[in-house]
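S.K.: Take a look at the following structure, please.
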Amino acid sequence: MVEKFEIKSHDGPGRLGRLGDIQTPAIFNEKEIENILADDEQTAYNIEREIAEWGVRRTIEKAENEKNQNPNSKIAVIQGSKYVDLRIECGKKLEELGYNGLIIANGDDLLLHPRDLVNLIVELRKNLKPNTYLIFTFAECSFIPLLSYMGIDGFLSGSDEYYSYLNVLTTPTKNYDLEVYKLSEMNQKQIAECNKKTLNFVASEVREHMKNKTLRNLIEERGVTSPQNASALRILDKYHQDYLQENTQLY
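Going letter by letter, the sequence shown gives residues 1 to 251 in full-length UniProt numbering.
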């Protein structure tokens with residue numbers, strides 16, 4: 001992982017970029033970024049503001065200590081729970097410390113709260129530097145196109161292996177419990193490998209749609225895959241048209 005992040009082109013607010021040899025949006029292996037990832041103070045999503053504020057303070061302290069001990073540290077975690085202003089504050093302070101890769105904590109909870117999800121990503125992208133790349137945790141494959149469209153640049157691996165232990169096969173549109181849907185006879189390792197290939201395929205699919213300026217078409221196809229996905233797209237269209245049109249090509 002290298003420091004410089006370059007935006008090559010936009011498709012709406014979505015960013016087709018490059019991080020060294022890595023094309024983004026991309027899947028980032030958690031183990032491969034451990035040596036450049038700052039420690040943080042993990043907090044739950046739905047908690048009292050005072051606890052969230054404490055979590056942000058501790059996260060900043062840990063990130064600053066990490067930077068002093070390891071100047072090569074480039075990625076940190078945006079805490080702040082459900083409070084958008086705290087997330088923005090945390091992100092800006094991490095940028096000031098020299099971090100240009102920021103992981104959005106509580107990704108699994110955010111996917112269950114479409115309004116919070118959309119508002120947070122839009123506000124982060126509006127308030128953070130353009131060359132700061134945002135990484136989402138534990139994204140469902142069907143959500144990756146929409147998240148990329150809103151301005152997410154990367155996704156942490158891990159969901160592929162997690163679902164394999166639950167005997168769940170992931171596809172670009174749906175997750176299948178193989179105890180219920182007898183699609184294939186596979187062991188845990190085989191499921192994990194299939195899930196990994198699906199993650200990488202979806203990321204590649206998103207990049208190609210960005211190159212061809214057709215990501216919006218893909219998003220609308222995937223928008224029917226879950227109520228949360230459909231809700232997030234409706235909220236984005238209804239309340240954030242200015243953000244969408246800022247980088248939308250006119251014909």
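Every residue, glycine too, gets a C-beta built ideally from N, C-alpha and C.
1) What are the start and end residues of each continuous alpha helix (DSSP H) run of 4 or more residues lying completely inside the stretch 198 to 238, in chain order?
2) Express the C-alpha separation of Leu156 and Phe28 in angstroms, rounding to a whole number.
3) If we ignore side chains and look at the alpha-carbon of each, how far apart do Gln241 and Ile104 end up?
4) Determine the DSSP secondary structure at Ser148, reduced to helix, strand or coil.
5) Where does Ile135 sit, in a helix, a strand or coil, going by DSSP?
6) Does the stretch 69 to 79 touch the stretch 37 to 46, meaning 3 or more C-beta pairs lie closer than 8 Å?
7) With Leu117 as the anchor, note down where its beta strand (DSSP E) starts and where it stops.
8) Could you pull the start and end residues of the beta strand (DSSP E) that Asp242 belongs to?
9) With C-beta atoms as the reference, is Gly154 less than 8 Å away from Ala26?
10) Just to check my reading of the structure: residue 279 and Lys92 have Cβ atoms closer than 8 Å, yes? What is that Cβ distance to the nearest angstrom?
11) Roughly how many whole angstroms lie between the Cα atoms of Met210 and Leu199?
12) Name the two residues that bound the continuous alpha helix (DSSP H) containing Glu32.
13) Specify the secondary structure class of Asp11 as computed by DSSP and reduced to three states.
14) Going by DSSP, what residues sit across from Thr170 in a beta bridge?
15) If you draw a straight line from the alpha carbon of Asn247 to that of Pro130, how long is it in whole angstroms?
16) Which first and last residues belong to the beta strand (DSSP E) in which Leu156 is found?
17) Is DSSP giving Gln79 helix, strand or coil here?
18) Using a Cβ-Cβ cut-off of 6 Å (strictly less than) and excluding sequence neighbours within five positions of Ile60, which residues of its own chain qualify?
19) Count the other CB atoms, across all protein chains shown, that sit within 10 Å of the CB of Val2; report buried if there are 16 or more and exposed otherwise.
M.R.: From the atom records:
1) For the stretch 198 to 238, whole alpha helix (DSSP H) runs of length 4 or above, ordered along the chain, are 215 to 222.
2) 5 Å
3) 23 Å
4) helix
5) DSSP places Ile135 in strand when its eight states are reduced to three.
6) Touching, yes, given that three or more Cβ pairs across the two stretches are closer than 8 Å.
7) Careful: Leu117 lies outside any beta strand (DSSP E), inside the alpha helix (DSSP H) at Pro114 to Asn127.
8) Unbroken run through Asp242 is the alpha helix (DSSP H), Gln241 to Glu246; no beta strand (DSSP E).
9) yes
10) Since the displayed the chain opens at 1 and closes at 251, residue 279 lies outside it and no answer follows.
11) 17 Å
12) Where Glu32 is concerned, there is no enclosing alpha helix (DSSP H), given that its DSSP letter is neither H nor E.
13) Three-state result, Asp11: strand.
14) Asn175
15) C-alpha separation (whole angstroms): 13 Å.
16) Gly154 to Leu156
17) coil
18) Lys93
19) For Val2, the predicted model reports a pLDDT of 46, less than 50, meaning its position is unreliable; a value from the coordinates is still stated below. So Val2 counts as exposed.
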